[in-house]
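2 protein chains.
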Amino acid sequence: MLNTFTSGLRHKNIHRRSNAPMVAKKPHDIIPTLGESIRIIPLGGVEEIGRNMTVIEYGEDIIVIDAGIKFTDYETPGVDYILPNIKYLEERKDHIRALVITHGHLDHIGSIPYVIDRLGNPPIYTREFGALLIQKRQVEFPHLAPLDIRIVEANDTSIPLTANLKVRFFGVTHSIPDSTGVIIETPYGDIVNTGDVRIENENGVPDQREIEHYKMFKDRNILLFCMDSTNIEQPGFSLSETFILKNIDGIVAAAPGRIILATFATQVERVIEFIKMAQHYSRKVIIEGRSMKTNVEIIKHLNLVETSHIIPIEDTTKYPPNKIMIITTGAQGEEFSALMRMSNKTHKFVRLERSDTIVLSSSAIPGNERAISKLKDNLYRHDSKIITYLDSDVHTSGHGRRGELEWLHKQMPYKYFMPVHGNHYRLKMHAELAARLGCPRENIIVPDNGSILEIQDKGAKFVKLREKAPSEDMVVEGLSIGDISDVVIRDRKMLAEDGIFVVIALVNTRTGYLKKSPDIIARGFVYLRESQELLSEARGIIKRSIEGTTVGMNPINFDYAKNAVTEDVSRFLFQRTAKKPIVIPVILGV
Amino acid sequence: MLNTFTSGLRHKNIHRRSNAPMVAKKPHDIIPTLGESIRIIPLGGVEEIGRNMTVIEYGEDIIVIDAGIKFTDYETPGVDYILPNIKYLEERKDHIRALVITHGHLDHIGSIPYVIDRLGNPPIYTREFGALLIQKRQVEFPHLAPLDIRIVEANDTSIPLTANLKVRFFGVTHSIPDSTGVIIETPYGDIVNTGDVRIENENGVPDQREIEHYKMFKDRNILLFCMDSTNIEQPGFSLSETFILKNIDGIVAAAPGRIILATFATQVERVIEFIKMAQHYSRKVIIEGRSMKTNVEIIKHLNLVETSHIIPIEDTTKYPPNKIMIITTGAQGEEFSALMRMSNKTHKFVRLERSDTIVLSSSAIPGNERAISKLKDNLYRHDSKIITYLDSDVHTSGHGRRGELEWLHKQMPYKYFMPVHGNHYRLKMHAELAARLGCPRENIIVPDNGSILEIQDKGAKFVKLREKAPSEDMVVEGLSIGDISDVVIRDRKMLAEDGIFVVIALVNTRTGYLKKSPDIIARGFVYLRESQELLSEARGIIKRSIEGTTVGMNPINFDYAKNAVTEDVSRFLFQRTAKKPIVIPVILGV
Chain Y
0 MLNTFTSGLR
10 HKNIHRRSNA
20 PMVAKKPHDI
30 IPTLGESIRI
40 IPLGGVEEIG
50 RNMTVIEYGE
60 DIIVIDAGIK
70 FTDYETPGVD
80 YILPNIKYLE
90 ERKDHIRALV
100 ITHGHLDHIG
110 SIPYVIDRLG
120 NPPIYTREFG
130 ALLIQKRQVE
140 FPHLAPLDIR
150 IVEANDTSIP
160 LTANLKVRFF
170 GVTHSIPDST
180 GVIIETPYGD
190 IVNTGDVRIE
200 NENGVPDQRE
210 IEHYKMFKDR
220 NILLFCMDST
230 NIEQPGFSLS
240 ETFILKNIDG
250 IVAAAPGRII
260 LATFATQVER
270 VIEFIKMAQH
280 YSRKVIIEGR
290 SMKTNVEIIK
300 HLNLVETSHI
310 IPIEDTTKYP
320 PNKIMIITTG
330 AQGEEFSALM
340 RMSNKTHKFV
350 RLERSDTIVL
360 SSSAIPGNER
370 AISKLKDNLY
380 RHDSKIITYL
390 DSDVHTSGHG
400 RRGELEWLHK
410 QMPYKYFMPV
420 HGNHYRLKMH
430 AELAARLGCP
440 RENIIVPDNG
450 SILEIQDKGA
460 KFVKLREKAP
470 SEDMVVEGLS
480 IGDISDVVIR
490 DRKMLAEDGI
500 FVVIALVNTR
510 TGYLKKSPDI
520 IARGFVYLRE
530 SQELLSEARG
540 IIKRSIEGTT
550 VGMNPINFDY
560 AKNAVTEDVS
570 RFLFQRTAKK
580 PIVIPVILGV
Chain Z
0 MLNTFTSGLR
10 HKNIHRRSNA
20 PMVAKKPHDI
30 IPTLGESIRI
40 IPLGGVEEIG
50 RNMTVIEYGE
60 DIIVIDAGIK
70 FTDYETPGVD
80 YILPNIKYLE
90 ERKDHIRALV
100 ITHGHLDHIG
110 SIPYVIDRLG
120 NPPIYTREFG
130 ALLIQKRQVE
140 FPHLAPLDIR
150 IVEANDTSIP
160 LTANLKVRFF
170 GVTHSIPDST
180 GVIIETPYGD
190 IVNTGDVRIE
200 NENGVPDQRE
210 IEHYKMFKDR
220 NILLFCMDST
230 NIEQPGFSLS
240 ETFILKNIDG
250 IVAAAPGRII
260 LATFATQVER
270 VIEFIKMAQH
280 YSRKVIIEGR
290 SMKTNVEIIK
300 HLNLVETSHI
310 IPIEDTTKYP
320 PNKIMIITTG
330 AQGEEFSALM
340 RMSNKTHKFV
350 RLERSDTIVL
360 SSSAIPGNER
370 AISKLKDNLY
380 RHDSKIITYL
390 DSDVHTSGHG
400 RRGELEWLHK
410 QMPYKYFMPV
420 HGNHYRLKMH
430 AELAARLGCP
440 RENIIVPDNG
450 SILEIQDKGA
460 KFVKLREKAP
470 SEDMVVEGLS
480 IGDISDVVIR
490 DRKMLAEDGI
500 FVVIALVNTR
510 TGYLKKSPDI
520 IARGFVYLRE
530 SQELLSEARG
540 IIKRSIEGTT
550 VGMNPINFDY
560 AKNAVTEDVS
570 RFLFQRTAKK
580 PIVIPVILGV
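Chains as they are written, first to last, in numbering that gives the first Met the number 0: chain Y, 0 to 589; chain Z, 0 to 589.
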């Protein structure tokens, strides 16, 4: 697992498994050369939601779109982040001309500090808000070379990246300022990637500005269209952000005391509106939560909203409750978040009261339901008023639902379609949508991570190669970055369920008898203090098992004794407890 | 943690912590005597959804309603089930007159095999379907005394349980046959517990049979009303079961090949309708999944539906695909469920095909979203048609939404209200609903697990005592049942994140020097084979650290050396990996 990744520590560049025996080449070792085609390889984001990265390759030039991370889950305990596998790119580092960023969310920029040097530090093209977020994050990695960031405008004229490839950014509605889609202009036509996108609308009718905006595609020659599939499962249009802000405005207007608005820090545009709302109602604003503070710093820096009414939390008590708005993270029930601390009375400055109104302006991210339940249980222990999306329309997603996706398809005169940004089943549903809207099935490819797609014959053919780019998970764990080790993860899962049982025995190498009663160390197995009888029986079994093999054996075969005691102890513990701890025998000869 | 729970093994009755020093009495050690009041104690189910159990106590008599389990989650790795804490009952075992069961779901009957002997094997009053499920489960616990099950009818006349307490069952609409609410008739009035309940309705208008049925309460003297709060968050009425069955019927009618219906085995009434549907469309039925098979056995036994068209799975190929219906568990993405095996091509008899239609007739249970995503990813790898509740109305809950709860409140002329069956926030929302409907706030109590509520002064007062019944989690883990050990759980979580690092050193007690280079055993930490340099540095640190304390020390203080090496090694590993494995030093003097 360990190419030791160094932050301020000694830099290593261990070539792993360099001593490993030669093995049969896997398909990705024999990827054919490119020829005249355009190659498209999604390295992440198409078997999951997260770690987005798409490679566009033509001739000797590679453009990379986005470099995101995915957060870990119970499937990979101990892992911090999961990255796209970039081996294909590392092997072609000299061809990489640009990393193009669609917007500043972590599932699009989070990998940059872990991969940028391995990609040869290419220039990063991004709009300003994304640039600031990238730079802010980079501060935590002081050993890295400075980034070559090139700030661009949306709807600019095209930017030439190579002799044959240009990029053009176009603004999209999402949830963070400066969200864009990108057009990669190739000799055979455009490759359009929407990035994350929704359509502002009123009851399912797109806003006039959206309609006008997408007219720019009417006359373009779109060879390949790639699009966000996150909310394909939800029929219709999502609620408009305008509508939910109006609802929250009404709640703020009616709140008798403090108003506490909890949302994702990534909902930057909504946070900007909250800050405006506070000014309108003459409330001072307190910003809580590290990521929220980071983003508000950038909002301030860019002068996106008047912020003179933001006050430090220490000053809360200088104003009456009905003059206070707290904007905080923690609506997902994160363990040490500001809102969780308010809810369980461990927050340094905020004690919840009956007159408080708390709005959870978010929905539950799959997997967070239990944490959110806990948060709500804690919040409801106070007598504050609590409003969630179930009771009132106080949240909408930054990703368009099926109706919005359908509308977008209709704005794009494309030839080929590749759904991205979603689990396999979402992509498959998105492919079905495209087919239903008239795209010939042979013009649609649902990729996996590492799938190599090619547009061949000057645009006449769209195929998926038999070969794949390396796509095993790459993980960040502590200071290391590298392949995931199945062995280690399997051990962790076993340890989490049944713990570990270490047996220590000193054997007299001359006689084969134990020098003294064996020692036992167990963790995560059973509560030892209450299991003395079990331990004492186990000691007897250990002694009998080891001596049964070692007494009279000369010289003593310790491996043989270890296997015997592991088997006997495991069987005994399972019979007595129905648990299977990892049994580790330490047998020392003296 | 270990009162060893014995199944076929030696029976133990260890009094844990018998040697522990005297500690200050906790409130629950000094619970006042009962006097003339009626005591109500929810021992489970009011800080969670699951492990329902409510105690009703009057004079020298105790009635227990339900004995459920809760399933474990990532908060308690390695634990199998969580039980209600029954210490209050164990201490008053001689007063227990009856265990009354509302219906046969595991969150209402699952604890029986673990607690029934500790409760002194009281008679169990239940309707027939519940009785069969209880008996089926009991077969797995052959060492237990036979159960004293007394099968009752709903809407019977009251059954006298003691001189002062009678019980009467009333049928309710839920999702399993023989679901009931119970009325405990006391000298001061009725205690009504709805059990799990929904209201069959058409577009929010209750079915006429529901209206007629609940008229029975019009003239009763309901002292205390206890009611299911599961779906209080959802406004309005839930979809009617009739409606969703009609939808599924349409899907079955149109399916060109096999139809695969996946739902919870607990949705027994729906399964019965599926079997009828198959007959109507001349399809043979295959039942897949252990719990589904168990429940269908009971359906057969009770003759609840014609089952002659159920065939063994081996016979599938004898019929054309459009004559087959498979009813299966696994809609929640359970790892080894039949549907998951079909989806990942490991099912022995079923290979999915393009002409198959798969209906997931369920919604996602919070916490299962990722498993369901995986299932859907696997299913969509085939070209079968897949229909979920997001796209079509193919599922409705067995628990009423807020509108249904509101309607039920209006049918019940009650004095006091105690919401049950839900997390704290759900109960609090339910209390708000009752208050809004006119119940005076002082007549409503939101309990915690172990809260002791009393109806005093012959019904004139409803209070919560300061004292609590013991309410710490009791857990089933392998063969043991007992308190949860925070130490063990904490270790398991640490092991899951960072693993374990065992250091073994032999010290020459005469010189204080190590006899040889120390051994290291690590599990779940890093992949050792790729970390040789780290290990070799660690060995150096171990040697220096131990010898730094032991050389020249006489006699050697091993604890001192262990502390030193633990600290030094932990610090080194954290600096090098940012991981904090549990470090265990084994230092042996020879």
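C-beta: ideal position from N, C-alpha, C; glycine also.
Taking the Cβ atom as the reference point for each residue, do Y/VAL284 and Y/ILE326 lie within a distance shorter than 8 Å?
Contact flag set, yes.
Y/GLU46 and Y/HIS429: beta carbons closer than 8 Å?
no
Buried or exposed, going by whether 16 or more other CB atoms sit within 10 Å of the CB of Y/LYS317?
exposed
Do the stretch 92 to 106 of chain Y and the stretch 60 to 72 of chain Y meet, that is, are 3 or more Cβ pairs less than 8 Å apart?
yes
Does DSSP put Y/PHE348 in a helix, a strand or coil?
coil
Hey, how far is the Cα of Z/GLY194 from the Cα of Y/LYS492?
37 Å
Taking the straight line between their C-alpha atoms, what separation do you get for Z/ILE258 and Z/GLU287?
13 Å
For Y/GLU546, collect the residues of the same chain with a Cβ closer than 7 Å to its Cβ; drop the 5 residues on either side in sequence, then sort them by chain order.
Here the set comprises GLY511, TYR512, LEU513.
Does the beta carbon of Y/ASP520 sit closer than 8 Å to a beta carbon anywhere in chain Z?
Note on identity: in this sequence residue 520 of chain Y is Ile, with Asp being the wrong assignment. At least one chain Z Cβ lies under 8 Å of Y/ILE520.
Give the DSSP-derived three-state secondary structure of Y/PHE168 in the structure shown.
strand
Run through DSSP, which three-state label would Z/VAL589 get?
coil
Closer than 8 Å at the beta carbon, the chain Y residues around Z/ILE583:
VAL501, ILE520, ARG522
Sorted by chain position, which residues of the same chain lie with C-beta nearer than 8 Å to Z/VAL550's C-beta, five sequence neighbours on each side aside?
THR510, GLY511, TYR512
Of all Cβ atoms in chain Y, is any one closer than 8 Å to the Cβ of Z/LYS578?
yes
For Z/PHE236, which three-state DSSP category applies?
coil
Within the same chain, show all residues whose beta-carbon is closer than 8 Å to that of Y/GLU476, passing over the 5 residues directly before and after it, in chain order.
MET0, GLY77, VAL78, ASP79
Any Cβ of chain Z within less than 8 Å of the Cβ of Y/ASN422?
yes
So if DSSP puts Z/MET473 in a beta bridge, which residue, or which two residues, is it bridged to?
Z/LEU82, Z/ASP482
Less than 8 Å between CB atoms is the rule here; does Z/LEU587 satisfy it with respect to chain Y?
yes
Report the rounded CA-to-CA distance for Y/GLN137 versus Y/LEU389, giving the unit in angstroms.
38 Å
In the DSSP output, what is Z/ILE357 paired with across the bridge?
Z/ILE259, Z/ILE385
Start and end residues, beta strand (DSSP E) containing Y/LYS414
413 to 419
Neighbour-count burial assignment, Z/VAL22, 16 or more Cβ in a 10 Å radius:
Per-residue confidence for Z/VAL22 stands at a pLDDT of 45, beneath the threshold of 50, marking its modelled position as unreliable; the derived number appears in the next sentence. With fewer than 16 other Cβ atoms within 10 Å, it is exposed.
Nonlocal neighbours in the same chain, by C-beta distance under 7 Å from Z/LYS427, ignoring five residues either side:
VAL445
Taking Cβ positions only, does Z/GLY498 come closer than 8 Å to chain Y?
Yes - at least one Cβ of chain Y is within 8 Å of the one on Z/GLY498.
Count Cβ pairs between the stretch 230 to 243 of chain Z and the stretch 393 to 405 of chain Z that sit closer than 8 Å; are there 3 or more?
yes
Taking 8 Å as the CB-CB cut-off, is Z/PRO76 touching chain Y?
yes
Inside the stretch 107 to 157 of chain Z only - alpha helix (DSSP H) runs reaching at least 4 residues
111 to 114, 127 to 137
Count the other C-beta atoms from every protein chain shown that fall within 10 angstroms of the C-beta of Z/ASP218, then say buried if there are 16 or more, exposed otherwise.
exposed
How is the alpha helix (DSSP H) around Y/LYS463 delimited, first residue to last?
Y/LYS463: not part of any alpha helix (DSSP H); member of the beta strand (DSSP E) spanning 460 to 467, first to last residue.
Which residue wins for smallest C-alpha separation from Y/PRO205, given the options Y/LEU407, Y/ASP472, Y/ARG575, Y/ALA537?
Y/LEU407
For chain Y, is any of its Cβ atoms less than 8 Å away from the one on Z/GLU201?
It does not; no Cβ of chain Y falls within 8 Å.
Check the Cβ of Z/SER372 against every Cβ in chain Y and list those closer than 8 Å, keeping chain order.
PRO365, ASN422, TYR424
How about Z/ARG491: is its C-beta nearer than 8 Å to some C-beta of chain Y?
It does: the Cβ of Z/ARG491 has a partner Cβ on chain Y nearer than 8 Å.
Measuring straight from C-alpha to C-alpha, what distance separates Z/TYR496 and Z/LYS579?
The amino acid occupying residue 496 of chain Z in the given sequence is Glu; Tyr does not appear at that position. Using only the alpha carbons, I get a separation of about 8 Å.
Sort out for me which residues DSSP pairs Z/ARG522 with in a bridge.
Z/ILE499
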